[in-house]
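The listed protein sequences derive, respectively, from chains G and S.
My numbering puts the first residue of the first sequence at 550, with every later residue one more than the last.
My numbering puts the first residue of the second sequence at 15, with every later residue one more than the last.
Step one of this worksheet: look at the structure below.
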Amino acid sequence: MQTYSFDQKHIIHIPTEKALTTENLQVFYGDNHAMHDASLEFPRYRITALIGASGSGKSTYLRCLNRMNDAIATVKGKIIYRDTNINSKKINVYEVRKHISMVFQRPNPFAKSIRENITFALRRNGIKDKQELAYRVENSLKSAALWDEVKDDLDKSALALSGGQQQRLCIARCVAMKPDILLLDEPASALDPISTAKIEETLKELRKSYTIIIVTHNMQQASRIADYTAFFHMGHVLEYDKTEKIFTNPQIKATEDYISGNFG
Amino acid sequence: MNSKAANNVATGVIYLLVTAVVGILIFLLGYILITGVPHVSIHFITSAAESFRAGGGIRDQLFNSLYLLVLTLIISFPIALGSGIYLSEYAPHNWFTGLIRTAIEVLSSLPSVVVGLFGYLLFVIKFNLGFSILAGAIALTFFNLPLLTRSIEESLEDVPNLQREAGLSLGLSRWKTITGIVFPAALPGILTGIILSAGRVFGEAAALIYTAGQSAPTVSYTNWNPFSAASFLNPMRPAETLAVHIWKVNTEGVTPDALQISSGASAVLIVVILLFNLAARFLGNWAFKKMTAAK
Numbered sequence: 550m551q552t553y554s555f556d557q558k559h560i561i562h563i564p565t566e567k568a569l570t571t572e573n574l575q576v577f578y579g580d581n582h583a584m585h586d587a588s589l590e591f592p593r594y595r596i597t598a599l600i601g602a603s604g605s606g607k608s609t610y611l612r613c614l615n616r617m618n619d620a621i622a623t624v625k626g627k628i629i630y631r632d633t634n635i636n637s638k639k640i641n642v643y644e645v646r647k648h649i650s651m652v653f654q655r656p657n658p659f660a661k662s663i664r665e666n667i668t669f670a671l672r673r674n675g676i677k678d679k680q681e682l683a684y685r686v687e688n689s690l691k692s693a694a695l696w697d698e699v700k701d702d703l704d705k706s707a708l709a710l711s712g713g714q715q716q717r718l719c720i721a722r723c724v725a726m727k728p729d730i731l732l733l734d735e736p737a738s739a740l741d742p743i744s745t746a747k748i749e750e751t752l753k754e755l756r757k758s759y760t761i762i763i764v765t766h767n768m769q770q771a772s773r774i775a776d777y778t779a780f781f782h783m784g785h786v787l788e789y790d791k792t793e794k795i796f797t798n799p800q801i802k803a804t805e806d807y808i809s810g811n812f813g
Numbered sequence: 015m016n017s018k019a020a021n022n023v024a025t026g027v028i029y030l031l032v033t034a035v036v037g038i039l040i041f042l043l044g045y046i047l048i049t050g051v052p053h054v055s056i057h058f059i060t061s062a063a064e065s066f067r068a069g070g071g072i073r074d075q076l077f078n079s080l081y082l083l084v085l086t087l088i089i090s091f092p093i094a095l096g097s098g099i100y101l102s103e104y105a106p107h108n109w110f111t112g113l114i115r116t117a118i119e120v121l122s123s124l125p126s127v128v129v130g131l132f133g134y135l136l137f138v139i140k141f142n143l144g145f146s147i148l149a150g151a152i153a154l155t156f157f158n159l160p161l162l163t164r165s166i167e168e169s170l171e172d173v174p175n176l177q178r179e180a181g182l183s184l185g186l187s188r189w190k191t192i193t194g195i196v197f198p199a200a201l202p203g204i205l206t207g208i209i210l211s212a213g214r215v216f217g218e219a220a221a222l223i224y225t226a227g228q229s230a231p232t233v234s235y236t237n238w239n240p241f242s243a244a245s246f247l248n249p250m251r252p253a254e255t256l257a258v259h260i261w262k263v264n265t266e267g268v269t270p271d272a273l274q275i276s277s278g279a280s281a282v283l284i285v286v287i288l289l290f291n292l293a294a295r296f297l298g299n300w301a302f303k304k305m306t307a308a309k
């Protein structure tokens, strides 16, 4: 495999409002230094894609952003959200995750009805009003473009849905919590092209009211939906810029090789 | 020998072994049922045992077995649930939890007569409980805990980790994720585990001879005061169970129909355990369907 210098980087600063910023974020799995020094700024109400080969650290990085790595890794550095460093022991992680929600690679609906999948976390967080719950169910399913397909079957088991529908239900489940930021870890990699297209449509719609950070293996997907793109390589962020610049005029050799398929 | 012939020989041997297992099972079940069922009647199930005359029944023994089972489960289920949740959800993998797991395995392979003698010395004699249903239930709890803990732990571990992550990523605490998501998803397996362990407890004799005792004093089924000595609910009375009754009638029974009684009681015991097993399947499937399949 070709080796690239980790010293040359091209990382832009965001001129507009920032939803989330990381400063010198590092991740260790035991002695394994999995993520070196990632400093990125994520613009509000934009989609940012994280691309890179398998093992480049992009999923590891994403999982840090709502502290899902707490149990398995040591995370150093700062994650700034609303002027607060949320990568701190004093922070209530459960509160963080209500604002920064995550959709996973494989659809993971609960073994409950479609309605309960959405209302479960809401109820546990203290929303009891039936009208409010019904309103959130309908709204979140609409924003995940699933409402028309399931509106007559809300009490059916979520496990009876297709993979693509399950994944959109998982997105709806996050949206119903009214978070600020949606993290998506390769949400379409286990889905067929039609389901993938629907998910992408959904994300473009959600972009109006949410900040979205998405890890993807699929470069076409990144170029279709993302406003900004970051390129990860072996635990380093080598390039971060507007998506069209990354794909038409990359500044770093590794990025250019990766997007043109001359990689490794 | 070419590979096709080898395959045929292997298949033949496997079929032969399976036939042997099934054959032994059918022979045993058939023998017990054929010799026992003719002696089972409503009268047999609903009348008290006789010490010297023929025509006694197994009413009290059958009830004692069921009551003992319920008490055992009431004691052992909460403990097993707690330790199962700890081992599956919270326990780190280190020497200490490894020690706990090994201890549970050792406990599960303890001979039941040893558990019985231990229960006799500690509960019956030292704690002065006397031969009693309570002492029996505690001894059976020792016996039941490892099995139940194991099956609960395994049912919980079978729930994919993605479910836990889903709960956590929605801002739910770990405890809420376990109680609200992981536990319901594991419920079919847990139900099956409880009922299967119930079958084993129901058929246990050796651990009870020295703890619950070998006598079945006459009790009143209309006396609902559990503190009254004559009440059927009194946990401090000695209680001979069905399995112990079979053993006793066979070894020292003096009634002229001792053989018939032990055959009939064995048939009842086997049928009840079969019912437990069927119920385990049925309930497990039902709970699983209720949660997963479209209604």
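Beta carbons are placed, not taken as given, at the ideal position from N, Cα and C, and that holds for glycine.
Closer than 8 angstroms to the CB of residue 179 (chain S) there is at least one CB belonging to chain G. Residue pairing by DSSP places residue 559 (chain G) opposite G:788 in a beta bridge.
Looking at the backbone, the Cα of residue 274 (chain S) and that of residue 51 (chain S) are separated by about 10 angstroms. Looking only at S:175, S:224, S:200, the smallest Cα-Cα distance to residue 126 (chain S) is reached by S:224. Per DSSP, the continuous beta strand (DSSP E) segment holding residue 734 (chain G) begins and ends at 730-734.
Its chain contains 590 as the residues whose beta carbon lies nearer than 8 angstroms to that of residue 562 (chain G), once the 5 sequence neighbours on both sides are disregarded; these appear in chain order. Within the segment 662-693 of chain G, those residues whose Cβ lies closer than 8 angstroms to any Cβ of chain S are, in chain order, 669, 670, 673, 674. DSSP places residue 107 (chain S) outside any beta strand (DSSP E), giving it a letter other than H or E. If you look at residue 601 (chain G), you'll find it in the beta strand (DSSP E) that goes 596-601. DSSP, reduced to helix, strand and coil, places residue 586 (chain G) within a strand of the structure shown. Of all alpha-carbon atoms in G:794, G:787, G:797, G:793, the one lying nearest the alpha-carbon of residue 601 (chain G) is that of G:787. Between the C-alpha atoms of residue 771 (chain G) and residue 598 (chain G) there is a straight-line separation of about 6 angstroms. Look at residue 617 (chain G) here: in three-state DSSP terms it is coil, with no helix or strand label. Under the 8 angstroms criterion on CB atoms, residue 646 (chain G) is classed as interfacial with respect to chain S.
CA-CA distance, residue 286 (chain S) to residue 66 (chain S), rounds to 27 angstroms.
Look at residue 591 (chain G): its C-beta is not under 8 angstroms from any C-beta on chain S. Within the same chain, 156, 157 come within 8 angstroms of residue 124 (chain S) by CB-CB distance, once the 5 residues on both sides are set aside. Along the segment 186-206 of chain S, going in chain order, the ones with a CB nearer than 8 angstroms to a CB of chain G are 186, 187, 190, 194, 195, 198, 199. Excluding five sequence positions before and after residue 633 (chain G), the CB atoms of its chain that fall closer than 8 angstroms to its own CB belong to 640, given in chain order.
Of all residues in the segment 715-731 of chain G, only 719, 722, 723, 726 place a beta-carbon less than 8 angstroms from a beta-carbon of chain S. Under the three-pair Cβ rule at 8 angstroms, the segment 785-802 of chain G does not count as touching the segment 676-684 of chain G.
For the pair residue 553 (chain G) and residue 796 (chain G), the Cα-to-Cα distance works out to about 19 angstroms.
Any Cβ of chain G closer than 8 angstroms to the Cβ of residue 61 (chain S) would place that residue at the interface, and such an atom is absent. As summarised for the segment 649-676 of chain G, the continuous alpha helix (DSSP H) elements at least 4 residues long and confined to that stretch are 663-673, given in chain order.
Secondary-structure assignment with DSSP links residue 592 (chain G) through a beta bridge to G:567.
Look at residue 70 (chain S) here: in three-state DSSP terms it is coil, with no helix or strand label. 8 angstroms or more divides the Cβ of residue 132 (chain S) from the Cβ of residue 149 (chain S).
Along the segment 613-632 of chain G, the positions whose C-beta sits under 7 angstroms from a C-beta of chain S are 615, 617, read in chain order. DSSP places residue 760 (chain G) inside the beta strand (DSSP E), whose first and last residues are 760-764.
Contact check for residue 572 (chain G) against residue 606 (chain G) fails: the beta carbons are separated by 8 angstroms or more. Closest by C-alpha distance to residue 671 (chain G), out of S:186, S:154, S:247, is S:186.
Of all residues in the segment 150-184 of chain S, only 174, 176, 177, 179, 180, 181, 182, 183, 184 come within less than 8 angstroms of chain G when Cβ atoms are compared, listed by chain position.
Taking C-beta atoms under 8 angstroms as the contact rule, residue 690 (chain G) and residue 721 (chain G) qualify, at a distance of about 5 angstroms. Cβ neighbours of residue 122 (chain S) within its own chain (closer than 8 angstroms, five residues either side excluded): 160, 161, 164. Contact of residue 653 (chain G) with chain S by beta-carbon distance below 9 angstroms involves 176, 179, 180, 183. Taking CB atoms only, residue 659 (chain G) has a neighbour in chain S less than 8 angstroms away.
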